[in-house]
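Peer 1: The sequence shown begins at 29 in our numbering and counts up by one. My structure is below; once you've seen it, I'll send some questions.
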Amino acid sequence: MNIAQMQQEILRLKKEKGICIFAHCYEAREICEIADYVGDSYQLSVWAAQTDARTVLMCGVRFMAETMKILSPEKRVLLSCPTAGCPMAEQMDKEMIRRVREEYPDHTVVAYVNTTAALKTICDVCVTSASAVKICSQIENDKILFIPDCNLGAFVAEALPEKKVKLLNGGCPVHAAVTMEEVQAAKARHPEAKLLVHPECRPEISAAADYAGSTTGIMKYAKESDAKEFIIGTEISIAEHLQYDCPDKKFYPLSPNLICRDMKATTLADVYNILKTGEGEEIELDAQTITDARRCIDAMIAMGG
Ligand code: 13P
Ligand code: SF4
Numbered sequence: 029m030n031i032a033q034m035q036q037e038i039l040r041l042k043k044e045k046g047i048c049i050f051a052h053c054y055e056a057r058e059i060c061e062i063a064d065y066v067g068d069s070y071q072l073s074v075w076a077a078q079t080d081a082r083t084v085l086m087c088g089v090r091f092m093a094e095t096m097k098i099l100s101p102e103k104r105v106l107l108s109c110p111t112a113g114c115p116m117a118e119q120m121d122k123e124m125i126r127r128v129r130e131e132y133p134d135h136t137v138v139a140y141v142n143t144t145a146a147l148k149t150i151c152d153v154c155v156t157s158a159s160a161v162k163i164c165s166q167i168e169n170d171k172i173l174f175i176p177d178c179n180l181g182a183f184v185a186e187a188l189p190e191k192k193v194k195l196l197n198g199g200c201p202v203h204a205a206v207t208m209e210e211v212q213a214a215k216a217r218h219p220e221a222k223l224l225v226h227p228e229c230r231p232e233i234s235a236a237a238d239y240a241g242s243t244t245g246i247m248k249y250a251k252e253s254d255a256k257e258f259i260i261g262t263e264i265s266i267a268e269h270l271q272y273d274c275p276d277k278k279f280y281p282l283s284p285n286l287i288c289r290d291m292k293a294t295t296l297a298d299v300y301n302i303l304k305t306g307e308g309e310e311i312e313l314d315a316q317t318i319t320d321a322r323r324c325i326d327a328m329i330a331m332g333g
């Protein structure tokens, strides 16, 4: 079976079995093409809660499927590839953060959505890269402990100088590996291009950018801008999707190393096999974890996502 035939079979099977497919925008093109919804991790969870489908298949990484389960506990949530986890989400566990909380009892603990469901149960409020500044600006306490991403946390601190933001040493190994040498080389190769980066990159990279923001923010900026060329400082799929969506513009990945291996762990054949057999990695969370982790996510939703 070639790719096009496999895609046709997937479209037929998902209709026949009533399975709704969600794909994070870092997934490969051929997977985004057969998905019912493509978006960032937060958008996908909200859409999943709104669909009537009893079974949803999340093509992405584990914390995204967990967030979906927390928001839609009655649904059967399948993860496209059992080994696809976000390394950043695994960097800090509940025991570690419990100890840090004891050290900083007067801080509000803000958890990036890239955390495990278990860790969310002991945090105060969740944020996504799109909402981090907006949510933190509404927290009454001026002392914030931001976990796990120190680069996104530094981005928030820079935008909100009135807050005292305590950071820990976590981060995305893919975005944090981008270097200033790569920025200078990309700018030298494409002097007319705008530089758009994700705030998971190190602070000096975000400072050198024309725009720093979430995955969806980068896509919106590129689509609405009058500029014709862009250097894209986030996972390589975003440059590829933008090139399909805006054929009259040019998109250059900031670094060839901006590949998230976990996001790329899912293959079209994985999706096909799950649909064919109806079996896959089902996300199971106990009722207490769902209730406690949901508090953290609901606090974010109450502050406007
Ligand atoms: P989003 O929250 O924009 O989906 O990003 C998730 C992520 O893993 C970024 O590296
Ligand atoms: Fe995690 Fe980074 Fe991959 Fe996003 S790009 S899923 S933060 S490792």
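Quick reminder that beta carbons are idealized off the backbone N, C-alpha and C, glycines included.
1) Alpha carbon to alpha carbon, how far is V206 from L99? Give it in angstroms, no decimals.
2) Measuring only from the beta carbon, is S159 closer than 6 Å to any heavy atom that is part of the ligand 13P?
3) Can P189 be considered in contact with the ligand SF4, in the sense that its beta carbon sits closer than 6 Å to one or more heavy atoms?
4) Short check: CB of V161 to CB of A187, under 7 Å?
5) I'd like the span of the beta strand (DSSP E) that includes Y140, first residue to last.
6) Compute the minimum distance between the beta carbon of S165 and the heavy atoms of the ligand 13P, and state whether it is under 6 Å.
7) Please report the straight-line C-alpha distance between T176 and L107, rounded to a whole angstrom.
8) In chain order, which continuous runs of the beta strand (DSSP E) of length 3 or greater are located wholly inside the stretch 209-236?
9) Can you find the residues in the same chain that come closer than 8 Å, C-beta to C-beta, to R57, ignoring five residues on each side of it along the sequence?
10) Would you check whether the ligand SF4 has a heavy atom nearer than 6 Å to the C-beta of C87?
11) Assuming K251 is part of the alpha helix (DSSP H), what are its boundary residues?
12) Using only alpha-carbon positions, find the residue among W75, M29, A81, D80 that is nearest to M92.
13) Could you check what DSSP says for T149 in three-state terms: helix, strand or coil?
14) Given a threshold of 16 other Cβ atoms within 10 Å of its Cβ, counted over all protein chains shown, does K97 qualify as buried or as exposed?
15) Is A288 near the ligand SF4, going by C-beta to nearest heavy atom under 6 Å?
16) Count Cβ pairs between the stretch 300-317 and the stretch 272-284 that sit closer than 8 Å; are there 3 or more?
17) Assuming T262 is part of the beta strand (DSSP E), what are its boundary residues?
Peer 2: From the atom records:
1) 33 Å
2) no
3) no
4) yes
5) 136-140
6) no
7) A small fix is needed here, since residue 176 is Pro in this sequence, not Thr. C-alpha separation (whole angstroms): 23 Å.
8) 222-225
9) S265, E268, H269, Y272
10) no
11) 243-252
12) W75
13) coil
14) buried
15) Inspection of the sequence shows that residue 288 is occupied by Cys rather than by Ala. Yes, since a heavy atom of the ligand SF4 falls inside the 6 Å radius drawn around the Cβ of C288.
16) no
17) Neither: T262 is in no beta strand (DSSP E) and is coded neither H nor E.
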